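Colleague: No gaps in the numbering here: position 554 of the sequence shown is 553 in numbering that gives the first Met the number 0, and each next residue is one more.
Note that beta-carbon positions come from the ideal geometry of N, C-alpha and C, so glycine has one too.
Only a predicted model underlies this, so the values are computations on that prediction, with no experimental measurement involved.
Quick one: structure below, then a few questions.
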Amino acid sequence: MSNILTVNDLSVAFSGKEVVRHLSFHVPKGKTLAIVGESGSGKSVTSSAIMQLLPWLGGKITSGSIQFESQSGAIDIATVTPEQMRHIRGKEIAMIFQEPMTSLDPVFTVGHQIKEVLALHRGLKGSAADKEVIRLLDFVRLPNAAQLAKRYPHQLSGGMRQRIMIAMAVACHPTLLIADEPTTALDVTIQAQVLQILRDMQQELGMSMIFISHDMGVIAEMADDLLVMKRGDQIEYGKARDIILNPQAEYTQQLLAAVPQIGSMQGIDLPLKFEIPGESRVESPDLSVLSKEPLVILDKVSTHYPIRSGFWGRVTHKVYAAENVSLEIYPGETLALVGESGSGKSTIGRTLQQLVKPSGGLIQFKGQDVFGIHQERFKKEIQYVFQDPYGSLNPRKTIRESLLEPMRVHGLVKNPQQQVASLLESVHLPAEFADRYPHEFSGGQRQRICIARALATEPSLIIADEAVSALDVSVQAQVINLLMDLQAERGLAYLFISHDMAVVERISHRVAVMYLGQIVELGSRRQIFENPQHPYTKRLLSAVPVMNPDKEPVRVEFTGDIPSPIRSIHHPPIHHQYQEVEAGHFVALTQ
0 MSNILTVNDL SVAFSGKEVV RHLSFHVPKG KTLAIVGESG SGKSVTSSAI
50 MQLLPWLGGK ITSGSIQFES QSGAIDIATV TPEQMRHIRG KEIAMIFQEP
100 MTSLDPVFTV GHQIKEVLAL HRGLKGSAAD KEVIRLLDFV RLPNAAQLAK
150 RYPHQLSGGM RQRIMIAMAV ACHPTLLIAD EPTTALDVTI QAQVLQILRD
200 MQQELGMSMI FISHDMGVIA EMADDLLVMK RGDQIEYGKA RDIILNPQAE
250 YTQQLLAAVP QIGSMQGIDL PLKFEIPGES RVESPDLSVL SKEPLVILDK
300 VSTHYPIRSG FWGRVTHKVY AAENVSLEIY PGETLALVGE SGSGKSTIGR
350 TLQQLVKPSG GLIQFKGQDV FGIHQERFKK EIQYVFQDPY GSLNPRKTIR
400 ESLLEPMRVH GLVKNPQQQV ASLLESVHLP AEFADRYPHE FSGGQRQRIC
450 IARALATEPS LIIADEAVSA LDVSVQAQVI NLLMDLQAER GLAYLFISHD
500 MAVVERISHR VAVMYLGQIV ELGSRRQIFE NPQHPYTKRL LSAVPVMNPD
550 KEPVRVEFTG DIPSPIRSIH HPPIHHQYQE VEAGHFVALT Q
């Protein structure tokens with residue numbers, strides 16, 4: 000089989016420092032090469048070199064060749080002129096980026112932006128371009144294509160925006176598509192839809208693909224060949240199936256071992272740490288011997304946001320972000336709250352910490368109404384760890400100042416030097432890190448610092464809102480292990496908010512599934528994962544990619560994105576009725 004792309008001995012440097020060294024691989028026609036590695040491994044730099052985007056990023060190719068079989072004959076992308084590459088980029092080689100919101104122009108409709116591509120590379124204008132836009136939007140399974148073409152990027156969900164990017168990328172029928180983390184920021188069900196669209200398009204158009212990701216489950220589903228990279232070096236390269244089932248390099252073995260796999264906890268009652276070399280095993284607490292009194296009780300909690308319209312600014316609609324939610328969180332347990340974006344998970348977390356005032360219902364903490372507790376005492380007891388550690392830390396403050404700040408607020412500073420050192424030690428960081436600034440750390444180290452700051456007030460409950468979703472898989476495993484260790488040592492309770500079902504299966508004791516602001520299923524981790532009852536729970540679980548290259552991907556039903564929680568005040572949502580299917584396992588009755 001002939002190759003559409005052949006990379007030979009490629010090296011790339013930024014400011015004289017090599018970041019990719021002696022890379023060699025090829026992409027056969029009609030096949031998919033996956034490139035996997037952690038942040039900083041050189042995956043995206045390699046794709047930028049193929050697209051000849053390095054000059055705009057401040058980098059340059061220092062050695063090697065990139066042979067591409069263009070329609071006019073073989074060319075070396077490393078040496079062609081920018082003018083020659085302009086006719087190839089977008090037309091014969093297209094690219095999809097991770098974050099569609101930053102890739103789309105916010106001031107133009109999505110239809111206009113697709114027509115720009117059609118005019119530049121295919122010469123289509125007027126009604127012919129309009130018809131092609133509709134065809135492309137239909138091609139990527141977007142409903143109401145004619146109306147959708149008139150919308151702006153901010154009016155679309157993340158999954159819809161990514162499908163718009165795919166439509167633009169394939170508008171000119173490229174022979175090579177580079178997909179750089181195209182599903183990383185998407186919910187699991189939307190991710191499954193996007194992956195299916197890419198597979199279907201590849202089959203229909205006969206195009207080749209370079210798929211860049213750090214998600215091994217996705218790679219097992221998509222790749223024919225696999226290239227593993229680490230810090231700019233090629234670690235392992237070959238058939239994807241061979242590498243996944245029988246990795247030879249130690250780094251590849253560690254990478255695969257750190258991947259949480261759905262179903263791996265079957266028959267296991269308690270959360271289980273990842274096996275990481277050099278880490279000791281700390282068992283999860285047996286909740287049967289812990290207090291039976293709940294730490295937190297949410298009783299029929301609702302949180303609404305009013306939407307005003309008309310000349311008088313009357314409230315005509317509301318965002319029913321959370322509706323009639325009842326939950327209990329016990330000392331020392333991890334309750335996972337799962338669901339797609341817009342399901343109300345983060346609203347519950349923010350409402351619990353009084354960052355948002357509920358519209359109704361009761362929240363009790365240690366038997367007291369939280370709105371009757373002194374605010375300082377309450378905030379000391381419940382702490383938050385956010386998704387983005389860099390955005391959570393003040394870039395102008397040293398780590399020492401960031402750790403001491405909550406202790407000063409609550410009057411807990413006694414021996415600042417020792418307290419800071421102890422906090423850093425608790426998250427397995429050296430004390431000398433205290434005088435550095437956030438930008439001097441990796442993402443995993445910054446998240447450890449955020450966890451240390453949350454521990455500073457000695458809380459009873461930590462709300463972890465997508466706390467590991469932005470981390471590389473091996474770093475994610477380390478942080479999850481750290482959270483389990485801290486729970487075992489300190490008796491902490493966690494409200495673990497996530498859309499990653501494989502991670503939730505590993506860390507949680509109980510699971511609550513949310514859909515459109517309401518709980519649709521609640522039970523122990525084993526009940527939810529081994530005996531799901533609600534159709535939405537089943538859909539979430541079936542959409543999770545499995546790290547098994549021999550398993551055929553499940554074809555998903557395109558039902559559109561999650562419906563809107565916005566409703567007229569005259570038609571509020573109907574509250575679910577629940578059935579207890581077994582002890583502690585509740586499921587909403589379908590309406």
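Locate the beta strand (DSSP E) running through Tyr535, then write down its first and last residues.
Modeller: It is not in any beta strand (DSSP E) - Tyr535 instead sits in the alpha helix (DSSP H) that spans Pro534 to Ser541.
Colleague: Under 8 Å by Cβ, that's how I've got Gly41 and Val19 pegged, so tell me the actual separation to the nearest angstrom.
Modeller: Sure, about 4 Å apart at Cβ, within 8 Å.
Colleague: Kindly indicate which three-state DSSP category Thr456 falls into: helix, strand or coil?
Modeller: Looking at Thr456 - three-state DSSP - the assignment turns out to be coil, as it is neither helix nor strand.
Colleague: Using a threshold of 8 Å, state whether the C-beta atoms of Asn323 and Lys344 are closer than that.
Modeller: no
Colleague: Rounded to whole angstroms, what's the CA-CA distance from Asp591 to Ala321? Just pull it up for me.
Modeller: In the structure as shown, the chain starts at 0 and stops at 590, and residue 591 therefore has no counterpart that could be examined.
Colleague: So what's His594 in DSSP terms, helix, strand or just coil?
Modeller: Given that the chain is displayed from residue 0 to residue 590, the structure contains no residue 594 and the question cannot be resolved.
Colleague: Any contact of the region 242 to 261 with the region 218 to 228, i.e. 3+ C-beta pairs under 8 Å?
Modeller: yes
Colleague: Which two residues bound the contiguous alpha helix (DSSP H) that contains Pro81?
Modeller: Where Pro81 is concerned, the enclosing alpha helix (DSSP H) stretches over Pro81 to Ile87.
Colleague: Below 8 Å CB to CB, which residues in the same chain sit around Leu428 once its five sequence neighbours on both sides are set aside?
Modeller: Result list for Leu428: Gln444, Arg447, Ile448 and Ala451, in chain order.
Colleague: Secondary structure at Leu289, three-state DSSP: helix, strand or coil?
Modeller: In this predicted model, Leu289 has a pLDDT of only 49, less than 50, meaning its place in the structure is not dependable enough to derive any value.
Colleague: Taking the alpha-carbon positions, what's the Gln418 to Val412 distance?
Modeller: 8 Å
Colleague: Which two residues bound the contiguous alpha helix (DSSP H) that contains Ala170?
Modeller: Counting along the chain, Ala170 falls outside any alpha helix (DSSP H), and DSSP gives it neither H nor E.
Colleague: By how many angstroms is the C-alpha of Arg524 removed from the C-alpha of Thr45?
Modeller: 41 Å
Colleague: Going by the CB atoms, is the gap between Phe96 and Asp214 shorter than 8 Å?
Modeller: Going by C-beta atoms, Asp214 is not nearer than 8 Å to Phe96.
Colleague: Looking only at its chain, what residues have a beta carbon closer than 7 Å to the beta carbon of Leu289, apart from the 5 residues adjacent to it on each side?
Modeller: Reliability fails at Leu289, whose pLDDT of 49 lies under 50, so the model's placement of it is uncertain and the value that follows must be treated cautiously. For Leu289, where only same-chain residues beyond five positions count, the Cβ hits under 7 Å are Tyr329, Pro330 and Gly331.
Colleague: Is it a yes or a no for the region 200 to 208 touching the region 105 to 121, going by three-plus beta-carbon pairs under 8 Å?
Modeller: no
Colleague: Check for me: the beta strand (DSSP E) holding Thr31 runs from which residue to which?
Modeller: Thr31 to Val35
Colleague: On the three-state DSSP scale, how would you describe Gln247?
Modeller: coil
Colleague: Express the C-alpha separation of Val11 and Gly58 in angstroms, rounding to a whole number.
Modeller: 7 Å
Colleague: Ser212: buried (16+ other C-beta within 10 angstroms of its C-beta) or exposed?
Modeller: buried
Colleague: What would DSSP say about Tyr389, mapped onto helix, strand or coil?
Modeller: helix
Colleague: Could you have a look at Pro270 and say whether DSSP puts it in helix, strand or coil?
Modeller: Pro270: coil per DSSP, three-state reduction.
Colleague: Tell whether a beta-carbon distance below 8 Å holds between Val26 and Asn7.
Modeller: no
Colleague: I need the DSSP call for Val132, collapsed to helix, strand or coil.
Modeller: Note: Val132 maps to helix in three-state DSSP.
Colleague: DSSP three-state label for Gly216, please.
Modeller: DSSP places Gly216 in helix when its eight states are reduced to three.
Colleague: Do Thr456 and Lys396 come within 8 Å of each other at the CB atom, strictly closer than that value?
Modeller: Contact flag unset, no.
Colleague: Name the one or two DSSP bridge partners that Asp464 has.
Modeller: Ile496
Colleague: Return the bridge partner residues of Phe210 from the DSSP annotation.
Modeller: Checking the DSSP bridge columns, you'll see Phe210 partnered with Ala33 and Ala178.
Colleague: Taking the alpha helix (DSSP H) that Gln202 belongs to, which residues open and close that run?
Modeller: Val187 to Leu204
Colleague: The beta strand (DSSP E) with Gly359 in it runs from where to where?
Modeller: Boundaries of the beta strand (DSSP E) harbouring Gly359: Gly359 to Phe364, taken from the DSSP string.
Colleague: With DSSP collapsed to three states, give me the class of Ala257.
Modeller: coil
Colleague: So what does Val227 bridge to, in DSSP terms?
Modeller: Val35 and Glu235
Colleague: Nearest CA to the CA of Glu68: which residue from Pro81, Pro54, Ser62 and Ile49?
Modeller: Ile49
Colleague: Pick from Pro415, Met264, Ile347 and Thr182: whose alpha carbon is nearest that of Met221?
Modeller: Thr182
Colleague: Among the candidates Asp387, His409, Arg349 and His533, whose CA atom is the shortest distance from the CA of Arg376?
Modeller: His409
Colleague: If you draw a straight line from the C-alpha of Gln260 to the C-alpha of Met84, how long is it?
Modeller: 41 Å
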